[in-house]
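Read the structure below first, then the notes.
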Amino acid sequence: MSGVPGEVLLRVEGLRVGFGGRGARRGPAVVDGVSFTLEAGRALAIVGESGSGKSVTARSLVGLAGAGAWTSATALKVGGASVLGAVGADGIARGLSGAAWRRLRGREVGLVVQDALVSLDPLRPIGREIGDALRLHTRLSAAERRARVLSLLESVGMPDPASRVHQRSGELSGGLRQRALIASALAASPRLVIADEPTTALDSTVQAQILALLEGVRDAGTGLLFISHDLAVVSRIADDVLVMRAGRVVESGPAAQVLGDPQHEYTKALLRAVPTGVPRGVALSAAAASPARPVPAAASTAARPVPPVSAAPVLEISGVSKRFGDRLAVDDVTLTLPAGTTLGLVGESGSGKTTLARIALGLADPDAGTVRLDGLPWAPGPERDRRSRRPLVGAVYQDALSSFDPRMTVRQILADALRGASAARPVDELLAELLDNVGLSPSLAGARPLELSGGQRQRVSIARALAPSPRVIVLDEPVSALDVSIQAQILDLLDRLQREHGVAYLFISHDLGVVQHMSDTLAVMKDGRVLEQGRASAVFDSPAHPYTQALLAAAPRIRLG
Amino acid sequence: MSLPPVSTVAAVAPADRRGRRMIGPAQWVAVAVLALLVVAAVAPAVLAPGDPFAIAPVDAFLSPRWGHPLGTDESGRDIYTRIVHGAGTSLVIGVAATAIGIVLALVLGLAAALGGRFVDFGVNRLLEVLFAFPGLLLALLVITVYGPGIVTSTIAVGLATAPGYARIIRAQARSVATSPYVEAAVVLGRSRGRILVRHILPNAVLPVFVLVTLGVGQAIVWAAALSYLGLGASPPAAEWGAMLYAGKNYLATAWWMTFFPGLAIVLAAAATTVLGRALQTRGAR
Amino acid sequence: MRGGALRGGALRGGALRVGALRVAAALGGAVFVLWAAATLTFFGLRLIPGDPAQAVLGGPGSQASAEALAAVRTEYGFDQPIWVQYLRYLGRLVSGDLGSSYSQRQSVASIIGSQIGGTLLLAVLALTVAWLLALGLAVWSTRGGRVAAAVGSGLEIVAAAVPHFWLATVLVLVFSTTLRWFPAVSTDAPAGLVLPVLTLALPLAGFLGQVMRESVLDALEAPFVLSARARGEGEAGVRWRHVLRHGALPGIALSGWAFGWLISGAVVVETIFARPGLGRTLLNAVQLRDVPLVIGVVLVVAVGYVAMTLLTDVVSRIADPRLAGVRA
Chain A
1128 MSGVPGEVLL RVEGLRVGFG GRGARRGPAV VDGVSFTLEA GRALAIVGES GSGKSVTARS
1188 LVGLAGAGAW TSATALKVGG ASVLGAVGAD GIARGLSGAA WRRLRGREVG LVVQDALVSL
1248 DPLRPIGREI GDALRLHTRL SAAERRARVL SLLESVGMPD PASRVHQRSG ELSGGLRQRA
1308 LIASALAASP RLVIADEPTT ALDSTVQAQI LALLEGVRDA GTGLLFISHD LAVVSRIADD
1368 VLVMRAGRVV ESGPAAQVLG DPQHEYTKAL LRAVPTGVPR GVALSAAAAS PARPVPAAAS
1428 TAARPVPPVS AAPVLEISGV SKRFGDRLAV DDVTLTLPAG TTLGLVGESG SGKTTLARIA
1488 LGLADPDAGT VRLDGLPWAP GPERDRRSRR PLVGAVYQDA LSSFDPRMTV RQILADALRG
1548 ASAARPVDEL LAELLDNVGL SPSLAGARPL ELSGGQRQRV SIARALAPSP RVIVLDEPVS
1608 ALDVSIQAQI LDLLDRLQRE HGVAYLFISH DLGVVQHMSD TLAVMKDGRV LEQGRASAVF
1668 DSPAHPYTQA LLAAAPRIRL G
Chain B
9 MSLPPVSTVA AVAPADRRGR RMIGPAQWVA VAVLALLVVA AVAPAVLAPG DPFAIAPVDA
69 FLSPRWGHPL GTDESGRDIY TRIVHGAGTS LVIGVAATAI GIVLALVLGL AAALGGRFVD
129 FGVNRLLEVL FAFPGLLLAL LVITVYGPGI VTSTIAVGLA TAPGYARIIR AQARSVATSP
189 YVEAAVVLGR SRGRILVRHI LPNAVLPVFV LVTLGVGQAI VWAAALSYLG LGASPPAAEW
249 GAMLYAGKNY LATAWWMTFF PGLAIVLAAA ATTVLGRALQ TRGAR
Chain C
293 MRGGALRGGA LRGGALRVGA LRVAAALGGA VFVLWAAATL TFFGLRLIPG DPAQAVLGGP
353 GSQASAEALA AVRTEYGFDQ PIWVQYLRYL GRLVSGDLGS SYSQRQSVAS IIGSQIGGTL
413 LLAVLALTVA WLLALGLAVW STRGGRVAAA VGSGLEIVAA AVPHFWLATV LVLVFSTTLR
473 WFPAVSTDAP AGLVLPVLTL ALPLAGFLGQ VMRESVLDAL EAPFVLSARA RGEGEAGVRW
533 RHVLRHGALP GIALSGWAFG WLISGAVVVE TIFARPGLGR TLLNAVQLRD VPLVIGVVLV
593 VAVGYVAMTL LTDVVSRIAD PRLAGVRA
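Okay, here's the thing in structure tokens:
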């Protein structure tokens, strides 16, 4: 399994990768001049946001950058041997022959590809998928392969491997799928493992388990190349860190140095954008940043005054339950949201937070219990009774794009939301103010949401929620689809809007760090129940429920050393 | 019981999600073919000045040659002239049949998608039953009731294509009605009527234009098939299917009598298919 | 190990029970569809204007004698109230009595019995050929390269725009009239089946091939294929072990529909190739307005269609375990 400690498994010098074209007309490089080395028994993390070229870099090491990709490098050695193949006059490497690449893939380099949830063939049992690497790279008999697959599953912590081996990925939970996928990458005992976003889309407690598993792999002497957008995750596992932006390396070095004492502005901005442990009211994004905040998490005194959690409740959820078939999605939940404050609702997938949000929005009637808005009954009840008070409530969704009518422009969307808001002023004026409020250029008014970036879409979505001057906005995972720096901007924006407009937020997220940063009060949900609630600071400082403690322990935060 | 995926039932293939299709040469050819068809339908004399019914027994069964580029039939009528003059009939049949099918489908599909659970259940059962008379069979039943002829066969084709369209429209309307942007409109406090008019209907009905485009070519083919079987337009009408019917007895000796009218049908159907696809891809983006 | 096996057994037992319920529901649905189809046909054909007895005897043009009309009225119970007629009709259907054909002076059941074999042979052969062609084309046309891509995108045009009657004409001209390889009149001899089977199979292959191709392209772009390549799987392995199955899935799901489509196509193809079978029988019956025969053939086709749909449903669920949890 292992290499000799200190042995250089990967040497990359001046790597450039691009797509399309040939010769002089070849497409622009999306990876431009990347260099690093990786030794056995060490973990190197490549960190960057979407479009930084980190995944392309990783895949080009095994010749899987994609159709039409071209590669050039001064040196590109995997396991001591060059994989550049013949190099043309234009500097473009031919790469290895198909057969030579295939000998390398799986045996020399194990690749845990992105999207763990869909990276195993849904039509084949996982045992077959894992056994494939053995079939391709070893001379083991079918029986020996079966035995080896079982021991592999055992080693990645798969419970009850003997029966799991016959299951297909669809029958496994996200964490178990990722374990199976890692087992398939480890099957032929490669000396180098590349893991591309292996913890993304997993719940944070599962994330922690997968990280521990990969740590074990590294400690067994395998070289680990770890690709991630998540600095907190990286800080847990990486010995060395390489920060990429737009195809270039902006900073690299030992993890403690890069994350503890960043030199480049971009690295600093990325670190500043991590919300975990950053008090309420402190700006996360570079644009809004006050004097450089020490990283990480040294308590800032610039926090806003103690939130008025004693203010009159604007949203009261009492004894609410909702059942879908056999499953109790929401089980006797009682929550109160004081005016002008944020109630953070945190829980893992399937905990019932989205159902609760729909009930709070009056989109789904609870089976039991009531919701009151501004002291008056809100749900359950016929939609007709709610309609006149709808302007009091806004909603922001995770997938902003699908919440816009595809035929409408930004102007139409917002003008529609402004209908009946204030007859005193012309719509155009209100619209301009709204765009300005959420930091969007007026020139975008004519655009369709499809043409906007993820961050811009979420701003439009916030503007729409804000248009009728609501008392409450329900935000369901508003930043989980965004890059960390964009997330920071959106969180800052939400914070500012709350201060300026006095609107209360029901803020739903799976990300404890984000919730901690945003919330005045906090509720932890699991399996439809609220396990713990109270002042956010109190819950974070002394969590009472074991689940909350586990969640906190697993929360992504920057750790050094 | 389950039926094939919605998008594939009506011999209308699923959308090309990748948008690989651009406006390329194939699309331009399709536009040109359709333009020619429309000219032939509106002013056939421009393309073929002759009389499609002019009988010249001396010139019977002439193979393609100068003066008769596509040959002549058993009565010496010029095939080219007849094809051009038949375009109008074929096109009208295609459009009329599609219109019948789509209007019925709109009523059924929208009622099912928006009319509540019981209507949906009822319409779905009805569609399932209609699907048990696949393809031409439903059309043949209609013709059994009302007798053969050009009007009956047009109605028959319209009725036979309606269930497939209805499924597609129902699915489309349903996905719009349950979409997050409709929910967002509810959150904004919009009334059901306003949401229906402003969001649901436009988004559910717009894709129907793609169906219409794809459907006209299909309807032409189906109606021609009925004519070919002697159940639609009958000779000596200068309708493409009827020309095929007339020519099928002379296949061994005068192949051009069936080949060229058939080619006209294929070209018309291919052109609408290519164009419908291009529209669909654009719509998807 | 043993515990696992036991638990597996229990799981399977539960799945079986759920499966049995589902099969029962599906069968119930099938019976409903057949009942409704029979009902629709019964009342639909009552729409024929004029005397139904006259219609049974071939319409006003048949100049049937008064005695014949009276006999038909008694036989079919046209002198009874409509719901009595309907119940009698249903009762006869259940006992397998489809009435007797006016034009052929035989029981409808025996006519169908003698004709159904040829049509089924044609449909099964065409479905098989279309399947193989479609899957081959779908896998081949996604290999990259311009020719393959052009063939791939041409498939749907073939499917949508090439009607049976014209394709048959061209095939006969080329392979029968010119090359003299195959006869233009079909028999059950292998050579006599080639052209009709091809006529039915080619457009269907175009349609299935295009749907399968989409599915193959999706699979090729799926992360699990990247994952397989990263394991060291070669191009052939990727296609054989992973992509092929994903490509075949929509083909399986569409086979029920395809079967109905083939029977409908058989009307045209059997006529062109002068081949005995259900399709030609139906066409003759429609032309002669032989109502009992039309009803009989249409209902038999409906039964076949419903059975085929049930079958493809079951096969789909076996081939794609992800469907197991989805309600039909």
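Residue numbers (this note's numbering), protein chains in the order written: chain A, 1128 to 1688; chain B, 9 to 293; chain C, 293 to 620.
Don't be surprised by glycine CBs; every beta carbon is placed ideally from N, CA and C.
Quick caveat: nothing in here was measured; it's all calculated off a predicted structure.
Option in the options with minimal Cα separation from residue i
i               : options                               : result
Q1525 (chain A) : A:S1588, A:G1348 and A:R1514          : A:S1588
A192 (chain B)  : B:R182, B:I203 and B:S183             : B:I203
P142 (chain B)  : C:G548, C:A483 and C:L603             : C:G548
R1255 (chain A) : C:A520, C:P584, C:A599 and C:L580     : C:A520
P1402 (chain A) : A:D1619, A:G1168, A:D1512 and A:E1140 : A:D1619
G1141 (chain A) : A:K1204, A:E1134 and A:G1190          : A:K1204
G1133 (chain A) : A:L1250, A:V1161, A:L1165 and A:V1276 : A:L1165
V1320 (chain A) : A:I1540, A:L1579 and A:L1188          : A:L1188
Minimum Cβ-Cβ distance from residue i to chain B less than 8 angstroms
i               : result
P613 (chain C)  : no
V627 (chain C)  : An answer regarding residue 627 (chain C) cannot be provided, because it is not within the stretch 293 to 620 covered by chain C.
A329 (chain C)  : yes
S1427 (chain A) : Residue placement at S1427 (chain A) cannot be trusted, given a pLDDT of 39 that sits under 50; what the coordinates show is reported in the next sentence. Taking Cβ atoms only, chain B never reaches closer than 8 angstroms to S1427 (chain A), which makes this a no.
8 angstroms CB neighbourhood of residue i in its chain, flanking five on each side removed
i               : result
V517 (chain C)  : A511, V530, H534 and V535
I1285 (chain A) : Strictly speaking, residue 1285 (chain A) in this sequence is Met, with Ile absent from that position. Closer than 8 angstroms at Cβ, skipping near neighbours: R1291, L1303, R1306, A1307 and A1310.
Chain C contact for residue i (CB, 8 angstroms cutoff)
i               : result
Y236 (chain B)  : yes
R1516 (chain A) : no
D1259 (chain A) : yes
E136 (chain B)  : yes
L99 (chain B)   : no
R1295 (chain A) : yes
V263 (chain B)  : The residue you asked about is not Val; residue 263 (chain B) is Trp in the sequence shown. Yes - at least one Cβ of chain C is within 8 angstroms of the one on W263 (chain B).
I151 (chain B)  : yes
Q1305 (chain A) : no
For residue j and residue i, believed in contact at Cβ under 8 angstroms, the rounded distance
i               : j               : result
A1594 (chain A) : V1565 (chain A) : So it is not a contact: roughly 10 angstroms between Cβ atoms.
V229 (chain B)  : P455 (chain C)  : 5 angstroms
F1163 (chain A) : S1316 (chain A) : Not a contact, Cβ separation roughly 23 angstroms.
E1604 (chain A) : H1637 (chain A) : 7 angstroms
Neighbourhood of residue i by C-beta, 7 angstroms cutoff - its chain only, sequence neighbours within 5 removed
i               : result
T1428 (chain A) : Note that T1428 (chain A) scores a pLDDT of 38, beneath 50, so its modelled location is shaky; the value from the coordinates is reported in the next line. If we look at T1428 (chain A) and ignore the five residues flanking it on each side, it has no Cβ neighbours.
T266 (chain B)  : L252, G255, K256 and L259
Chain-order list of residues whose beta-carbon lies under 6 angstroms from that of residue i (same chain, five-residue window excluded)
i               : result
A212 (chain B)  : Q180, A181 and V184
A168 (chain B)  : L146 and A147
D128 (chain B)  : A120
H1391 (chain A) : V1377 and E1378
Inter-residue spacing [alpha-carbon to alpha-carbon] between residue i and residue j
i               : j               : result
F1531 (chain A) : A1487 (chain A) : 21 angstroms
D1159 (chain A) : G524 (chain C)  : 27 angstroms
I273 (chain B)  : V282 (chain B)  : 14 angstroms
L138 (chain B)  : A329 (chain C)  : 7 angstroms
L580 (chain C)  : P57 (chain B)   : 40 angstroms
L1472 (chain A) : R1407 (chain A) : 16 angstroms
G498 (chain C)  : A1542 (chain A) : 48 angstroms
G172 (chain B)  : L326 (chain C)  : 19 angstroms
T261 (chain B)  : A453 (chain C)  : 26 angstroms
Interface flag, residue i vs chain A, CB-CB below 8 angstroms
i              : result
G543 (chain C) : no
V194 (chain B) : yes
S519 (chain C) : yes
Proximity test, residue i beta-carbon vs the ligand SAM heavy atom, cut-off 7 angstroms
i               : result
D1526 (chain A) : Of the ligands one can find in the structure shown there are none, so the ligand SAM has no counterpart to examine.
### Message
Under 9 angstroms, CB to CB, which of the residues in the segment 1581–1605 of chain A have a partner in chain D?
### Response
The structure shown contains no chain D; its protein chains are A, B and C.
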